[in-house]
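Inspection log for the structure reproduced underneath, given as structure tokens.
Residue numbers (the numbering used here): 1 to 582.
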């Protein structure tokens, strides 16, 4: 068995950092860099509600998978995220320990800022904020703070990709007002007559060689223009006079709209250009936390971040500071795209729906499309609830994250033990997600220790050339093909490949898998990770050889990777096999 000093070496060091609107931009480069270099990123959310009264999510009977997804969509589209906890961990081969940094992000479910541009953006979206009284009481009772009020007062803003696209298209340019065309066939006679009258007035004005620089459109009834009438004017300009470079601006509190040709009034054009610059900056600032999400999924963020938000005015005016920081962001973005980190959640279907709805856009109507989209965002995703309960006889199916953490925490030979501050409480997202990364290695090991000798729970690959693994064990991971009850694991970091026509999983040629040193456990999906070193352990000769390895330009950890080192190695140690680090 491994010595106690070795297990002590697995103790981890780290800290929890609380982030809100007051320090978000200052800390954003650090957060992005942590994500880009992490091997594992675990997360947890706190939301304003988790059940819609009298909705699908309020049903008491048993759900089908599709119905459960529909219920999750209903909740995610009704409530909002108010706290996002995230832990980034990476193994240090020299220190033989994990280093981790945890972040507790307080999110604002609406739009903050009180200047003219921010207020205009808030009005443009008119985002809905919904708070469940049950969730409010639960969070206040378990946390000891008023997270809902704190989120509204100092939360970090965010826009989904869909919202940002809409804002760039319709909010920045004051001449692009029409998002949804009005169907005149569904409007009354008065609206149709107004439309025809405005179109004729504009046509005659353009044809007049002695026309004024403007054309005023008033309500024929004498009152102020209605919202419908203003929308019809914008629609006419965009759909029927788009090549005439016309602009309509409400005047005198909507008493009338003034139509002019662009470029005629230089002062007005300068003012409009300045407003467009301010509106573009407001969108970038409002995007906020989604830049963190983009780093998680390997998306684009470096060119979209406003450098002026990251630096103080004094720093910004130092020659080269802005360019250097932009270059750093581009390097971080490239690293985040290149590295494939494992994302870890717990019982996370609802969380994934909230993440999708908040940072991507409207949720897919079909579960199949949702799975495709999630696979594209998180190709290496692990759910600890699934891992702890799949085919498990000794772990209660209804254990929540806190109960599961307590279960594995009580075992000997801890595999992963972040020392979170004792003052933290459960249902604080930044604290809860620290329990998540420990559960994947420990929960399956708890099952493994119950069988000190090879049993149906183990499928040994020692001295063999092929091994079978039930396809269901790799659900939610890099599964792309299921054939004859077996699965194919694909992707640039896969260790296993499905031979066409074969009924077992075989090592991919040149994949670095060592069948003399790896045991496959059917309660645990094994996930290869990037790294720098691979350790070949020969049990018979009791020797350990460290060597640097590379395949197709991607370096893959062997025993020193978190999964193989902490899970594979400890499973072998639990059975009395010599551990390479002992």
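All C-beta atoms in this analysis are idealised placements derived from N, C-alpha and C, irrespective of residue type, glycine included.
Here's the rule: buried if 16 or more other CB atoms are within 10 angstroms of the residue's CB, otherwise exposed. What is residue 294?
Residue mapping note: residue 294 aligns to position 294 of the chain shown, counting from 1. Buried, by the Cβ-count rule.
What is the rounded straight-line gap between the Cα of residue 544 and the Cα of residue 349?
One-based indexing of the chain shown puts residue 544 at position 544. One-based indexing of the chain shown puts residue 349 at position 349. Confidence in residue 544 is poor, its pLDDT being 26 and thus under 50, which makes the residue's placement unreliable; the coordinate value appears in the next sentence. Approximately 42 Å between the Cα atoms of the pair.
Just tell me which of 274, 380, 361 and 360 has its CA closest to the CA of residue 116.
Locating residue 116 in the chain shown gives position 116, where the first residue counts as 1. When each option's Cα is compared against that of residue 116, the closest is 274.
What do you reckon, are the CB atoms on residue 74 and residue 56 nearer than 9 Å?
Sequence index remark: in the chain shown, residue 74 carries index 74 (1-based). Sequence index remark: in the chain shown, residue 56 carries index 56 (1-based). Yes, Cβ-Cβ distance for residue 74 and residue 56 is below 9 Å.
Cα-Cα, which of 72, 68, 61 and 59 is closest to residue 49?
Residue numbering aside, residue 49 sits at position 49 when the chain shown is read from its first letter. Comparing Cα positions, the closest option is 72.
Using the beta-carbon count (16 or more within 10 Å), is residue 54 buried or exposed?
Mapped onto the chain shown, residue 54 falls at position 54. So residue 54 ends up on the exposed side.
Whose CA, out of 344, 357 and 122, lies closest to the CA of residue 78?
Numbered from 1 along the chain shown, position 78 holds the residue referred to as residue 78. Selected option, being the one with the closest Cα: 357.
What's the gap between the Cα of residue 158 and the Cα of residue 227?
Reading the chain shown from its first residue, position 158 is the one you call residue 158. Reading the chain shown from its first residue, position 227 is the one you call residue 227. Between residue 158 and residue 227, the C-alpha separation is close to 29 Å.
Taking the alpha carbon of residue 265 as the reference point, which residue from 279, 253, 256 and 246 has its own alpha carbon closest?
Here residue 265 corresponds to residue number 265 of the chain shown, with the count starting at 1. The residue with the shortest Cα to Cα distance from residue 265 is 246.
How many angstroms separate the CA atom of residue 334 from the CA atom of residue 298?
For the purposes of this step, residue 334 is taken as the residue at position 334 of the chain shown. For the purposes of this step, residue 298 is taken as the residue at position 298 of the chain shown. Whole-angstrom Cα-Cα distance: 8 Å.
Can you list, in chain order, the residues of its chain with a C-beta nearer than 7 Å to that of residue 206? Leave out the 5 residues immediately preceding and following it.
Translated into the one-based positions of the chain shown, residue 206 becomes position 206. Cβ within range, chain order: 244.
Please work out which residues of its chain come closer than 7 Å, Cβ to Cβ, to residue 361, disregarding the five sequence neighbours upstream and downstream, and give them in chain order.
As a position in the chain shown, residue 361 is number 361, starting the count at 1. If we look at residue 361 and ignore the five residues flanking it on each side, its Cβ neighbours are 160, 161 and 162.
Residues near residue 38 by beta carbon distance below 7 Å, same chain, minus five either side
Looking up residue 38 in the chain shown gives position 38. Same-chain partners within the cutoff: 88, 89, 90 and 341.
Using three-state DSSP, classify residue 44 as helix, strand or coil.
Position 44 of the chain shown, counting from 1, holds the residue named residue 44. The answer is strand: DSSP assigns residue 44 an E or B state.
Cβ shell of residue 32 (< 6 Å), same chain only, five flanking positions each side left out
Position 32 of the chain shown holds residue 32. Contacts found: 295 and 332.
Given a threshold of 16 other Cβ atoms within 10 Å of its Cβ, counted over all protein chains shown, does residue 19 qualify as buried or as exposed?
Translated into positions along the chain shown, residue 19 becomes position 19. By the neighbour-count rule (16 or more Cβ atoms within 10 Å), residue 19 is buried.
Assign residue 242 to one of two classes, buried (16 or more other C-beta atoms within 10 Å of its C-beta) or exposed (fewer than that).
Locating residue 242 in the chain shown gives position 242, where the first residue counts as 1. It counts as exposed.
When DSSP labels each residue in this structure, what does residue 105 get in the three-state scheme?
The residue given as residue 105 occupies position 105 in the chain shown. In this structure, residue 105 counts as strand in the three-state DSSP scheme.
Residues sharing a beta bridge with residue 248, DSSP
Translated into the one-based positions of the chain shown, residue 248 becomes position 248. In the DSSP output, where bridge partners are listed per residue, residue 248 has 259.
Would you report the Cα separation of residue 301 and residue 197, rounded to the nearest angstrom?
The count along the chain shown starts at 1 and reaches residue 301 at position 301. The count along the chain shown starts at 1 and reaches residue 197 at position 197. About 47 Å.
I need the straight-line Cα distance from residue 101 to residue 304, nearest angstrom please.
For the purposes of this step, residue 101 is identified with residue 101 of the chain shown, where counting begins at 1. For the purposes of this step, residue 304 is identified with residue 304 of the chain shown, where counting begins at 1. The straight-line gap from Cα to Cα measures roughly 25 Å.
Out of 307, 317, 318 and 351, which one is the CA nearest neighbour of residue 330?
Working through the chain shown from its first residue, we reach residue 330 at position 330. Per the Cα distances, 307.
Taking the alpha-carbon of residue 339 as reference, which of 319, 379, 321 and 373 has the nearest alpha-carbon?
As a working mapping, residue 339 is identified with position 339 in the chain shown. Of 319, 379, 321 and 373, the residue nearest in Cα terms is 379.
To which residues of the same chain is residue 15 closer than 8 Å at the C-beta, ignoring the five residues directly before and after it?
Locating residue 15 in the chain shown gives position 15, where the first residue counts as 1. Counting only Cβ-Cβ distances below 8 Å, and skipping sequence neighbours, we find 101 and 102.
Is residue 185 helix, strand or coil by DSSP?
Locating residue 185 in the chain shown gives position 185, counting from the first residue. Helix.
By the three-class DSSP mapping on this structure, what secondary structure does residue 387 have?
In the chain shown, the residue the question calls residue 387 occupies position 387. Residue state, collapsed to three classes: helix.
Beta carbon of residue 253, beta carbon of residue 168: below 9 Å?
Taking the chain shown and counting its residues from 1, one reaches residue 253 at position 253. Taking the chain shown and counting its residues from 1, one reaches residue 168 at position 168. In this structure, residue 168 does not lie closer than 9 Å to residue 253 by Cβ.
So the alpha helix (DSSP H) residue 134 belongs to, where does it begin and stop?
Locating residue 134 in the chain shown gives position 134, where the first residue counts as 1. Unbroken alpha helix (DSSP H) run through residue 134: 133-143.
Which stretch, first to last residue, makes up the alpha helix (DSSP H) that contains residue 157?
Numbered from 1 along the chain shown, position 157 holds the residue referred to as residue 157. Per DSSP, residue 157 belongs to no alpha helix (DSSP H) and is neither H nor E.
Rounded to the nearest angstrom, what separates residue 119 and residue 47 at their Cα positions?
On the chain shown, position 119 is the one that residue 119 refers to. On the chain shown, position 47 is the one that residue 47 refers to. Going by the C-alpha atoms only, they are around 25 Å apart.
With DSSP as the reference, please indicate the residues paired to residue 86 in a beta bridge.
Along the chain shown, read from residue 1 onward, the residue named residue 86 stands at position 86. Bridge partners of residue 86: 43 and 103.
Between residue 367 and the rest of its own chain, which residues show a CB-CB distance below 7 Å, the 5 nearest in sequence each way excluded?
The count along the chain shown starts at 1 and reaches residue 367 at position 367. The residues are 65, 66 and 69.
Per DSSP, what kind of secondary structure is residue 373 in: helix, strand or coil?
Position 373 of the chain shown holds residue 373. Helix.
Return the chain-ordered list of same chain residues with a C-beta closer than 8 Å to the C-beta of residue 155, the five sequence neighbours on each side being excluded.
Here residue 155 refers to the residue found at position 155 of the chain shown. So the list reads 20, 21, 82, 106, 107, 108, 109 and 112, once near-sequence residues are dropped.
Residue 54 - partner residues in DSSP beta bridges:
In the chain shown, counting from the first residue as 1, residue 54 sits at position 54. Bridge partners of residue 54: none, in fact.
Tell me which residues share the same chain as residue 80 and place their Cβ nearer than 6 Å to its Cβ, disregarding the 5 neighbours each side in the sequence.
The residue given as residue 80 occupies position 80 in the chain shown. So the qualifying residues of the chain are 48 and 109.
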